[in-house]
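In this note's numbering, the protein residues as written are 4 to 296. Below is one structure; the comments refer to it alone.
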């Protein structure tokens with residue numbers, strides 16, 4: 004059994020018909036039927052019940068269908084990783100950016116297109132968990148996002164920058180009236196952010212325990228929406244400082260006097276195979292240089 008067979012089985016299962024599946028994958032229907040028959044003979048099982056109205060997967064066929072998508076995705080990722088390592092450079096780069104780095108994306112994209120004018124770029128801003136899932140599935144080559152506790156041994160991560168995290172709120176928010184906001188006081192009010200959960204760490208701060216976690220009331224990858232909610236007094240906003248600096252300068256939001264300090268580490272994450280590609284090493288280096296500047 005090979006990947007070609009798996010694609011054929013998935014197509015038949017998806018369409019419920021040999022005729023429609025053959026048209027979808029671009030082969031003649033008799034050719035597809037013979038291929039599946041040979042596969043069934045080879046495995047010694049029946050994969051489909053064929054009727055006049057179509058084809059329905061058998062229990063053994065369902066087992067194959069359940070595994071096929073994962074195997075195909077891994078095969079495609081392996082082929083791409085080999086291509087990246089062998090070629091040394093590529094015609095496209097698929098890069099995901101976490102929402103807290105939305106401010107970083109425009110100058111980063113400009114720097115990429117200036118340095119590699121013929122490089123086809125696929126840039127996507129999304130939640131960290133979805134970006135990492137796409138990286139694992141082989142849909143992305145590189146993700147730059149907030150650090151998680153564990154990426155796994157199959158991945159390489161390199162720190163790009165560290166940013167202070169601030170809590171911002173409307174000037175009329177109850178916490179904005181205090182001279183000193185403890186963790187306990189902060190947790191009394193709903194907050195919003197771009198990831199879930201927010202980790203509030205305050206070693207040695209009065210009234211705070213290291214590693215305390217709060218689930219955000221609103222999780223959104225659009226910072227305009229988050230800042231609007233905060234300016235209306237509906238939530239406090241945990242954010243890296245650059246995302247809210249303009250609103251802090253204008254007075255639309257104020258920085259809360261927290262009893263603890265927070266920083267967020269942003270890292271570039273890729274598979275170990277991709278990390279050997281010269282162009283992706285250069286892309287990570289470019290991001291680090293830009294962050295330092």
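All residues carry an ideal CB built from backbone N, CA and C; glycine is no exception. Every value quoted in this text rests on a predicted model; they were computed, and no experiment measured them.
- Residue state for residue 288 is assigned as helix, using DSSP reduced to three classes.
- Along the region 113-174, the alpha helix (DSSP H) occurs as fully enclosed runs of 4 or more residues at 131-140, listed in sequence order.
- Classified as buried, residue 11 has 16 or more neighbouring CB atoms from the shown chains inside 10 Å of its CB.
- Here the region 255-264 makes contact with the region 158-174; the two share three or more CB pairs at distances below 8 Å.
- Counting only residues of its own chain and dropping the five nearest sequence neighbours on each side, residue 100 has a CB closer than 6 Å to the CB of 108, 128, 147.
- Counting along the chain, residue 53 sits inside the beta strand (DSSP E) bounded by residues 51-54.
- Its Cα nearest to that of residue 223, the residue 103 stands out among 119, 177, 103, 295.
- Counting only the Cα atoms, residue 81 lies some 12 Å from residue 142.
- Rounded to whole angstroms, residue 17 and residue 138 show a C-alpha spacing of 25 Å.
- Secondary structure note for residue 268: its beta strand (DSSP E) is the uninterrupted segment 265-274.
- According to DSSP, residue 196 shares a beta bridge with 222.
- DSSP lists 128, 147 as the beta-bridge partner residues of residue 100.
- If you draw a straight line from the Cα of residue 106 to the Cα of residue 79, it comes to about 32 Å.
- The alpha-carbon separation between residue 221 and residue 290 amounts to approximately 29 Å.
- With a beta-carbon spacing of about 7 Å, residue 239 and residue 176 fall inside the 8 Å limit used to define contacts.
- Residue 160 sits buried, since 16 or more C-beta atoms from the chains shown fall within 10 Å of its C-beta.
- Partner residues in the beta bridge of residue 95, as assigned by DSSP, are 123.
- About 13 Å separates the Cβ atoms of residue 8 and residue 36, ruling out a contact at the 8 Å cut-off.
- Of the other Cβ atoms in all chains shown, fewer than 16 fall within 10 Å of the Cβ of residue 66; this residue is therefore exposed.
- Going by beta carbons, residue 144 and residue 114 fall outside the 8 Å limit.
- In the DSSP annotation of this structure, the continuous segment of the alpha helix (DSSP H) that includes residue 34 starts and ends at 32-46.
- Rounded to whole angstroms, the separation of the alpha carbons of residue 151 and residue 15 is 39 Å.
- The beta carbon of residue 20 lies closer than 8 Å to those of 57, 58 in the same chain, with the five residues before and after it left out.
- DSSP places residue 241 within a strand segment (E or B) once states are collapsed to three.
- It is roughly 19 Å from the alpha-carbon of residue 158 to the alpha-carbon of residue 74.
- Note on geometry: alpha-carbon atoms of residue 135 and residue 277 lie some 15 Å from one another.
- For residue 6, the enclosing alpha helix (DSSP H) starts and ends at 6-18.
- Following the DSSP letters along the chain, one finds residue 25 inside the alpha helix (DSSP H) bounded by residues 21-28.
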